[in-house]
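Data block below; observations after.
In this note's numbering, the protein residues as written are 320 to 589.
Below is the structure:
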């Protein structure tokens, strides 16, 4: 029997295949004929396929979905009963629900939105959005794995910290500093003169107030701290993206004409 997960992947593969055939034939500049059909069916070997980039992306989605559907069908969606049967266990292991929610899907969605906006505005936003999506996908996968590593939530958190902290601290720290500097620089270029002064005054003041509140409450939960950090990062990113869309402000250039120094006529005494 085909499992639920494999059905979904097979459906995506079928949709991508149909889209690739239609797109390859529709973007072919030549007249529609048998060569068009053979071209899209043979990956361009026996005919044209039109736009190669879009056709290749759709074919890649088809191949990846077909592979994932085959894996899901072979592993029976990695169900608990199938896992117990494969390991020859008498009882089915208990499936532990995640102890806390994950904010990485929200960050990943923000990265997708940034990349989509960048397609119409600036290439830099596309690169930034793709980087955010890659980091969020990797972190989300690690979180999903660590939440189900054992039946103890504390042990799972310890496993995740041991695996990811040596990588997260330097990499995410460097990326965070780079994104912050880039976003603030774009905001400074887009804001008027009074807005620049306000940004330089209000942002450090907000950081100082939040730091004072957190230091005065040492027992505050880590979830609140993480939520504040995520909100601040999203606010900085949103400001940078909005500034890129608006563009830099018009800076008046004052051309000063330098008049020549008065010439001193010196009569030579004869």
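All residues carry an ideal CB built from backbone N, CA and C; glycine is no exception.
(request) Might you give, ordered along the chain, the residues of its own chain that have their beta carbon closer than 7 Å to the beta carbon of residue 391, omitting 5 neighbours on each side? (result) Here the set comprises 322, 324, 325, 328.
(request) Just tell me which of 450, 430, 436 has its CA closest to the CA of residue 553. (result) The residue among 450, 430, 436 with its C-alpha nearest the C-alpha of residue 553 is 430.
(request) Whole angstroms is fine: what's the gap from residue 357's alpha carbon to residue 508's? (result) A direct Cα-to-Cα measurement between residue 357 and residue 508 gives close to 53 Å.
(message) Going by DSSP in three states, residue 462 sits in which element: helix, strand or coil?
(response) Note: residue 462 maps to helix in three-state DSSP.
(message) Here's the rule I'm using: 16 or more other beta-carbon atoms within 10 Å means buried, otherwise exposed. How should residue 409 be labelled?
(response) The C-beta of residue 409 has fewer than 16 other C-beta atoms within 10 Å across all chains shown, which makes the residue exposed.
(request) Return the first residue and the last residue of the alpha helix (DSSP H) that residue 496 is part of. (result) From DSSP, the alpha helix (DSSP H) with residue 496 extends over 472–509.
(request) Tell me whether the beta-carbon of residue 547 lies closer than 8 Å to the beta-carbon of residue 529. (result) Cβ atoms of residue 547 and residue 529: closer than 8 Å.
(message) So residue 346 and residue 369 are supposed to be a Cβ contact under 8 Å. How far apart are they, rounded?
(response) Sure, about 3 Å apart at Cβ, within 8 Å.
(request) Look at the alpha carbon of residue 540 and the alpha carbon of residue 388, and state the distance between them as a whole number of angstroms. (result) Cα to Cα, residue 540 sits roughly 41 Å from residue 388.
(request) Could you tell me the boundaries of the alpha helix (DSSP H) in which residue 536 lies? (result) Unbroken run through residue 536: none, as it is neither H nor E.
(request) For residue 361, count neighbouring C-beta atoms within 10 Å of its own C-beta (all shown protein chains included) and say buried if the count is 16 or more, exposed if not. (result) Counting C-beta atoms within 10 angstroms of its own C-beta, residue 361 has fewer than 16 neighbours from the protein chains shown and is therefore classed as exposed.
(request) Given a cut-off of 8 Å, decide if residue 427 and residue 459 are closer than it, judged by their beta-carbon atoms. (result) The answer is yes: Cβ separation under 8 Å.
(message) Let's test the definition: count the other Cβ atoms within 10 Å of the Cβ of residue 437 and tell me whether it reaches 16, buried, or not, exposed.
(response) Looking at its Cβ environment, which holds 16 or more other Cβ atoms inside 10 Å, residue 437 is buried.
(message) What would DSSP say about residue 540, mapped onto helix, strand or coil?
(response) Here residue 540 sits in coil by DSSP.
(message) Taking only three categories from DSSP, how would you classify residue 592?
(response) Within the shown structure, residues of the chain are numbered from 320 to 589, placing residue 592 beyond reach of any answer.
(message) Among the candidates 505, 531, 543, whose CA atom is the shortest distance from the CA of residue 562?
(response) Measuring C-alpha to C-alpha distances from residue 562 to each of 505, 531, 543 identifies 505 as the nearest.
(message) For residue 451, which residues in the same chain have their Cβ closer than 6 Å to its Cβ, ignoring the five residues on either side in sequence?
(response) Cβ within range, chain order: 430.
(message) Less than 8 Å between the C-beta atoms of residue 445 and residue 434, yes or no?
(response) Yes; because the gap between Cβ atoms is below 8 Å, this pair is in contact.
(message) Is it buried or exposed, residue 492, if we count other Cβ atoms within 10 angstroms and call 16 or more buried?
(response) Residue 492 comes out exposed.
(request) Look up residue 566 in the DSSP assignment and say whether it is helix, strand or coil. (result) It is coil, neither helix nor strand.
(request) Give me the Cα-Cα distance between residue 551 and residue 513, rounded to the nearest whole angstrom. (result) The alpha-carbon atoms of residue 551 and residue 513 are separated by roughly 22 Å.
(request) Could you tell me the boundaries of the alpha helix (DSSP H) in which residue 323 lies? (result) Run containing residue 323: 323–345, per the alpha helix (DSSP H) assignment.
(message) My output table needs one value for residue 580: the three-state DSSP class, helix, strand or coil.
(response) For residue 580, the pLDDT reaches just 49, beneath the cut-off of 50, and the residue's location in the model is therefore unreliable, although a value from the coordinates is still provided. In the structure shown, residue 580 sits in coil (DSSP, three-state: anything other than H, G, I, E or B).
(request) Along the alpha helix (DSSP H) that carries residue 424, what are the first and last residues, could you check? (result) Unbroken alpha helix (DSSP H) run through residue 424: 423–439.
(request) Spatial neighbours of residue 555 within its chain, please: CB distance less than 8 Å, with the 5 preceding and 5 following residues excluded, ordered by chain position. (result) So the qualifying residues of the chain are 498, 499, 502, 503.
(request) Quick one: give me the first and last residue of the alpha helix (DSSP H) that residue 393 is part of. (result) That run of the alpha helix (DSSP H) goes 371–393.
(request) Please list, in chain order, all residues of the same chain as residue 604 whose beta carbon is under 7 Å from its beta carbon, the five residues on each side excluded. (result) The shown model of the chain, from 320 to 589, leaves out residue 604, and the question about it has no answer.
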